[in-house]
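Enquirer:
Protein chains: 2
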Amino acid sequence: MKVKVEVRFKEGVLDPEGQTILNTLNRKGYDFVSDVRVGKVIELEVEDGIERYEQKIEEICHSILANPIIEDYRIIY
Amino acid sequence: MKVKVEVRFKEGVLDPEGQTILNTLNRKGYDFVSDVRVGKVIELEVEDGIERYEQKIEEICHSILANPIIEDYRIIY
Chain A
13 MKVKVEVRFK EGVLDPEGQT ILNTLNRKGY DFVSDVRVGK VIELEVEDGI
63 ERYEQKIEEI CHSILANPII EDYRIIY
Chain B
13 MKVKVEVRFK EGVLDPEGQT ILNTLNRKGY DFVSDVRVGK VIELEVEDGI
63 ERYEQKIEEI CHSILANPII EDYRIIY
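Protein chains in written order, with our numbering: chain A, 13 to 89; chain B, 13 to 89.
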């Protein structure tokens, strides 16, 4: 079974990669794009019976996959 | 309006970041995770009237956001 975790910078945290992409897009004439934010999507292949692991997946997100100081995460089952 | 683009390695392409996370998880005892794949989620803020830009967004994905040789992309409106 696959579990998807999206990790993104918190609001207000500078996103250099997003900024670089935006500058490139505008330089190439794609002016209809006004902002770009880049995050990660991490797909975990886990054993069936996900109810047993929900607590551990929260733990994994909080301690390994995301930096709680500057990032938010969202688990998509 | 926000347009989301997911960029992932193609099947069979080595994912060093995913492999590193998997090794870390298994070392910390999270054995129920058998595979990890990491991709990017890029969120574009675009002007309303998206129908006019669909073709250009494909162009952006193909030429700037993803490397068509090793990556696939998916546009989520």
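Beta carbons: idealized from backbone N, C-alpha and C, even for Gly.
#1: Quick one: using the 10 Å Cβ neighbour count with 16 as the cut-off for buried, is B/Glu-66 buried or exposed?
#2: Tell me which residues of the region 24-55 of chain B have at least one Cβ-Cβ distance to chain A shorter than 8 angstroms, keeping chain order.
#3: Would DSSP call B/Glu-83 helix, strand or coil?
#4: Between B/Thr-36, B/Lys-68 and B/Asn-79, which lies nearest to A/Asn-38 when the distance is taken from Cα to Cα?
#5: Strictly below 9 angstroms CB to CB, what residues from chain B border A/Ile-76?
#6: Using only CA atoms, which one of B/Val-53, B/Glu-63, B/Asp-84 and B/Ile-87 lies nearest to A/Tyr-85?
#7: Closer than 7 angstroms by beta-carbon distance: list the chain A residues that pair up with B/Lys-68, in chain order.
#8: My output table needs one value for A/Gly-61: the three-state DSSP class, helix, strand or coil.
#9: Is B/Gly-51 helix, strand or coil by DSSP?
#10: What did DSSP end up calling A/Glu-66 once you bin it into helix, strand or coil?
#11: Can you say whether B/Val-50 is buried or exposed, counting buried as having 16 or more other CB atoms within 10 angstroms of its CB?
Expert: Per the coordinate set shown:
#1: exposed
#2: Gly-30, Ile-33, Thr-36, Leu-37, Lys-40, Tyr-42, Phe-44, Val-45, Ser-46, Asp-47, Val-48, Arg-49, Val-50, Gly-51, Lys-52, Val-53, Ile-54 and Glu-55
#3: strand
#4: B/Lys-68
#5: Ile-33, Thr-36, Leu-37, Lys-40 and Tyr-42
#6: Nearest C-alpha to A/Tyr-85: B/Val-53.
#7: Tyr-42
#8: coil
#9: Reduced to three states, the DSSP call for B/Gly-51 is strand.
#10: helix
#11: By the 10 Å Cβ count, B/Val-50 comes out buried.
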